[in-house]
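Trainee:
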Ligand SMILES: NC(=O)c1ccc[n+]([C@@H]2O[C@H](COP(=O)([O-])OP(=O)(O)OC[C@H]3O[C@@H](n4cnc5c(N)ncnc54)[C@H](O)[C@@H]3O)[C@@H](O)[C@H]2O)c1
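Numbering (our numbering), first residue to last: 18 to 364.
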């Protein structure tokens with residue numbers, strides 16, 4: 018069972034799992050502004066896939082689904098995921114990320130109680146974020162699985178709350194659960210409010226590329242295919258109750274990332290004038306975390322996972338995907354505008 022399967026990581030994970038293995042997939046998504054089945058038509062038409070349009074906070078729907086399909090693995094991606102939106106209005110974050118996670122965990126507990134034979138193979142994988150740890154200074158060592166949760170934004174606080182619920186249901190109710198904490202993920206099908214697609218769209222329209230503060234905030238970047246492989250390896254080989262940081266060796270300031278992106282975009286678009294001239298600094302995000310960095314040795318050691326994608330090539334392929342799939346992102350942008358969603362801002 019994949020929750021949030023119509024989102025960025027979810028859509029990529031569905032394609033990855035259909036290629037990788039022969040399991041059946043139950044996909045749950047509320048189809049918020051960030052979720053779209055566009056481009057997933059072949060996935061949804063696959064007889065191995067069942068789609069349920071539902072809110073993970075809907076107790077009855079989750080109970081029906083879990084009792085009917087009795088999944089062996091739940092990968093819980095469904096969440097509100099954009100920090101700036103959590104600053105503007107935290108209510109959807111509290112609902113989906115905290116209440117939704119609690120409802121899903123409780124319904125898993127009930128399903129396992131009714132069907133105890135499922136317990137031997139069952140795994141609940143909570144997909145979380147490095148942001149739950151707070152903010153590092155330049156010289157600090159990276160976080161690992163033992164680092165404390167010290168979230169500083171409404172988004173990261175809601176994800177940390179969900180992580181605590183997962184561990185509470187694991188220790189108190191014996192739910193076989195684990196947490197995958199991921200760095201910044203990039204790749205095709207990301208909603209165009211996030212930094213990489215946002216910058217490319219700004220370049221396409223020759224509009225200013227907004228960059229928070231001085232652009233010196235540092236993030237690690239991992240290709241979505243590498244993350245999908247990591248989640249699969251955790252599902253197959255991970256230990257119950259474990260926390261697995263999943264990150265890459267690619268640590269870049271936002272300014273470095275945007276400059277690289279401009280260079281690739283200019284080459285792909287055959288532009289003579291550098292798009293770097295479009296980079297425009299804007300007032301910093303309130304409470305903007307300076308640096309995230311995680312040490313992924315645990316997943317490497319225990320699950321044999323390695324990040325395989327070269328960043329430069331992955332970034333270029335991602336940009337090419339957006340350039341070739343205007344038919345995907347233009348309606349997504351139009352729909353978001355129609356819903357009167359907040360204007361796009363960087364991740
Ligand atoms: N993208 C990243 O860089 C990144 C990094 C670390 C962690 N994560 C985590 O990975 C998960 C997926 O991220 P993403 O980038 O794919 O996000 P996304 O915003 O692209 O997709 C989220 C999906 O969840 C769905 N959803 C939201 N609330 C729901 C609800 N109450 N019930 C059912 N469906 C609901 C949305 O419709 C959407 O399809 C999130 O939990 C996020 O916190 C993402």
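All C-beta atoms, glycine included, are put in the ideal place defined by N, C-alpha and C.
Bear in mind that the values here come from a model prediction, so they are computed numbers and not experimental data.
Compare the beta carbon distance of residue 169 and residue 152 with 9 Å and say whether it is the shorter of the two.
Mentor: As a working note, residue 169 is residue 152 in the chain shown. As a working note, residue 152 is residue 135 in the chain shown. Cβ atoms of residue 169 and residue 152: closer than 9 Å.
Trainee: Just to confirm the assignment, what range does the alpha helix (DSSP H) spanning residue 199 have?
Mentor: Residue 199 sits at position 182 when you count from the first residue of the chain shown. Not the alpha helix (DSSP H): residue 199 falls in the beta strand (DSSP E), residues 194-199.
Trainee: Our contact map puts residue 166 next to residue 150 with C-beta atoms below 8 Å; I'd like the distance itself, whole angstroms only.
Mentor: Numbered from 1 along the chain shown, position 149 holds the residue referred to as residue 166. Numbered from 1 along the chain shown, position 133 holds the residue referred to as residue 150. About 6 Å; that satisfies the 8 Å criterion.
Trainee: Following a CB-centred definition, is residue 144 positioned closer than 8 Å to any heavy atom of ligand 1?
Mentor: For this step, residue 144 is matched to residue 127 along the chain shown. For ligand 1, at least one heavy atom lies less than 8 Å from the Cβ of residue 144.
Trainee: Run through the DSSP bridge pairs and tell me what residue 68 is partnered with.
Mentor: Counting from 1 along the chain shown, the entry for residue 68 is found at position 51. The beta-bridge partner set that DSSP reports for residue 68 consists of 44.
Trainee: For residue 34 and residue 295, what's the separation of their Cα atoms in angstroms?
Mentor: On the chain shown, position 17 is the one that residue 34 refers to. On the chain shown, position 278 is the one that residue 295 refers to. Taking the straight line from one Cα to the other gives about 39 Å.
Trainee: Take every Cβ of the stretch 112-131, pair it with every Cβ of the stretch 228-248, and state whether three or more of those distances are shorter than 8 Å.
Mentor: no
Trainee: With a CB to CB cut of under 7 Å and the five nearest residues on each side skipped, what residues in its chain are close to residue 112?
Mentor: Start at 1 with the first residue of the chain shown, and residue 112 comes out as number 95. Cβ neighbours of residue 112 beyond the five flanking positions: 74.
Trainee: Going by other Cβ atoms of all chains shown within 10 Å of its Cβ, with 16 needed for buried, is residue 219 buried or exposed?
Mentor: Mapped onto the chain shown, residue 219 falls at position 202. So residue 219 counts as buried.
Trainee: Can you tell me the Cα-Cα spacing of residue 244 and residue 199, whole angstroms?
Mentor: Your numbering for residue 244 matches position 227 in the chain shown. Your numbering for residue 199 matches position 182 in the chain shown. Looking at the two C-alpha atoms, the distance is approximately 8 Å.
Trainee: For residue 159, collect the residues of the same chain with a Cβ closer than 7 Å to its Cβ; drop the 5 residues on either side in sequence, then sort them by chain order.
Mentor: For this step, residue 159 is matched to residue 142 along the chain shown. Excluding residues within five positions, the ones whose Cβ falls inside 7 Å are 310, 311 and 312.
Trainee: Are there any heavy atoms of ligand 1 lying less than 8 Å away from the beta-carbon of residue 114, as far as the coordinates show?
Mentor: Along the chain shown, read from residue 1 onward, the residue named residue 114 stands at position 97. Under cutoff, so the answer is yes.
Trainee: Any heavy atom of ligand 1 inside 8 Å of the beta-carbon of residue 46?
Mentor: If you number the chain shown from 1, residue 46 lands on position 29. Yes, ligand 1 has a heavy atom inside 8 Å of this Cβ.
Trainee: Between which two residues does the alpha helix (DSSP H) carrying residue 275 extend?
Mentor: Taking the first residue of the chain shown as 1, we reach residue 275 at position 258. Here the alpha helix (DSSP H) through residue 275 covers 271-286.
Trainee: Under 8 Å: do the stretch 204-213 and the stretch 340-354 share three or more Cβ pairs, one atom per stretch?
Mentor: yes
Trainee: Which residue comes first and which comes last in the beta strand (DSSP E) that contains residue 213?
Mentor: Stepping through the chain shown from its first residue, residue 213 is reached at position 196. Taken as a continuous stretch (DSSP letters only), residue 213 belongs to no beta strand (DSSP E), being part of the alpha helix (DSSP H) at 212-221.
Trainee: Can you find a heavy atom of ligand 2 that lies under 8 Å from the Cβ of residue 97?
Mentor: Ligand 2 is not part of this structure, which contains only ligand 1.
Trainee: Taking 8 Å as the cut-off, is the beta-carbon of residue 76 closer than that to any non-hydrogen atom of ligand 1?
Mentor: Mapped onto the chain shown, residue 76 falls at position 59. Not a single heavy atom of ligand 1 lies less than 8 Å from the C-beta of residue 76.
Trainee: Let me know the beta strand (DSSP E) ranges lying completely inside the stretch 67-117, each 3 residues or longer, listed in chain order.
Mentor: 90-93
Trainee: Verify whether the separation of the beta carbon atoms of residue 257 and residue 298 is less than 9 Å.
Mentor: Along the chain shown, one-based indexing puts residue 257 at 240. Along the chain shown, one-based indexing puts residue 298 at 281. It is not a contact, given that the beta carbons lie outside the stated cut-off.
Trainee: I need the boundaries of the beta strand (DSSP E) containing residue 299, first residue and last residue.
Mentor: Locating residue 299 in the chain shown gives position 282, where the first residue counts as 1. Run containing residue 299: 296-299, per the beta strand (DSSP E) assignment.
Trainee: Compute the distance between the beta-carbons of residue 325 and residue 277, then report whether it is under 9 Å.
Mentor: Counting from 1 along the chain shown, the entry for residue 325 is found at position 308. Counting from 1 along the chain shown, the entry for residue 277 is found at position 260. Cβ atoms of residue 325 and residue 277: not closer than 9 Å.
Trainee: By alpha-carbon positions, which one of 259, 317 and 293 ends up nearest to residue 226?
Mentor: The residue labelled residue 226 in the question sits at position 209 within the chain shown. The shortest C-alpha separation from residue 226 is found at 293.
Trainee: Could you tell me whether any non-hydrogen atom of ligand 1 is closer than 8 Å to the CB of residue 269?
Mentor: Within the chain shown, numbered from 1, the residue matching residue 269 stands at position 252. The beta carbon of residue 269 sits no closer than 8 Å to any heavy atom of ligand 1.
Trainee: How would you label residue 177, buried or exposed, when you count the other beta carbons within 10 angstroms and need 16 or more for buried?
Mentor: The sequence position of residue 177 within the chain shown is 160, counting from 1. So residue 177 ends up on the buried side.
Trainee: Could you check what DSSP says for residue 32 in three-state terms: helix, strand or coil?
Mentor: What you label residue 32 is simply residue 15 of the chain shown in a count that begins at 1. Helix, per DSSP.
Trainee: Straight-line CA distance for residue 93 to residue 259?
Mentor: Taking the chain shown and counting its residues from 1, the one referred to as residue 93 is at position 76. Taking the chain shown and counting its residues from 1, the one referred to as residue 259 is at position 242. So the two alpha carbons sit approximately 15 Å from each other.
Trainee: According to the Cβ coordinates, are residue 305 and residue 229 closer than 9 Å?
Mentor: In the chain shown, the residue the question calls residue 305 occupies position 288. In the chain shown, the residue the question calls residue 229 occupies position 212. Cβ atoms of residue 305 and residue 229: closer than 9 Å.
Trainee: Cβ-heavy atom distance between residue 53 and ligand 1 below 8 Å?
Mentor: Looking up residue 53 in the chain shown gives position 36. Answer for residue 53: yes, Cβ within range of ligand 1.
Trainee: Run through DSSP, which three-state label would residue 139 get?
Mentor: The residue labelled residue 139 in the question sits at position 122 within the chain shown. Coil at residue 139, not helix or strand.
Trainee: For residue 338, which of helix, strand or coil comes out of DSSP?
Mentor: Here residue 338 refers to the residue found at position 321 when the chain shown is read from its first residue. Of the three classes helix, strand and coil, the one that applies to residue 338 here is helix, per DSSP.
Trainee: At what residues does the beta strand (DSSP E) containing residue 262 begin and finish?
Mentor: The residue you call residue 262 lines up with position 245 of the chain shown. For residue 262, the enclosing beta strand (DSSP E) begins and ends at 260-263.
Trainee: Given a cut-off of 9 Å on the beta-carbon distance, is the pair residue 44 and residue 68 in contact?
Mentor: Here residue 44 refers to the residue found at position 27 of the chain shown. Here residue 68 refers to the residue found at position 51 of the chain shown. Yes; because the gap between Cβ atoms is below 9 Å, this pair is in contact.
Trainee: In this structure, does DSSP put residue 361 in helix, strand or coil?
Mentor: Sequence index remark: in the chain shown, residue 361 carries index 344 (1-based). For residue 361, the predicted structure reports a pLDDT of 48, less than 50, and the residue's modelled location is therefore unreliable. The matter cannot be settled from this model.
Trainee: Closer than 8 Å: is that where the CB of residue 119 sits relative to any heavy atom of ligand 1?
Mentor: Locating residue 119 in the chain shown gives position 102, where the first residue counts as 1. Incorrect: residue 119 has no Cβ contact closer than 8 Å to ligand 1.
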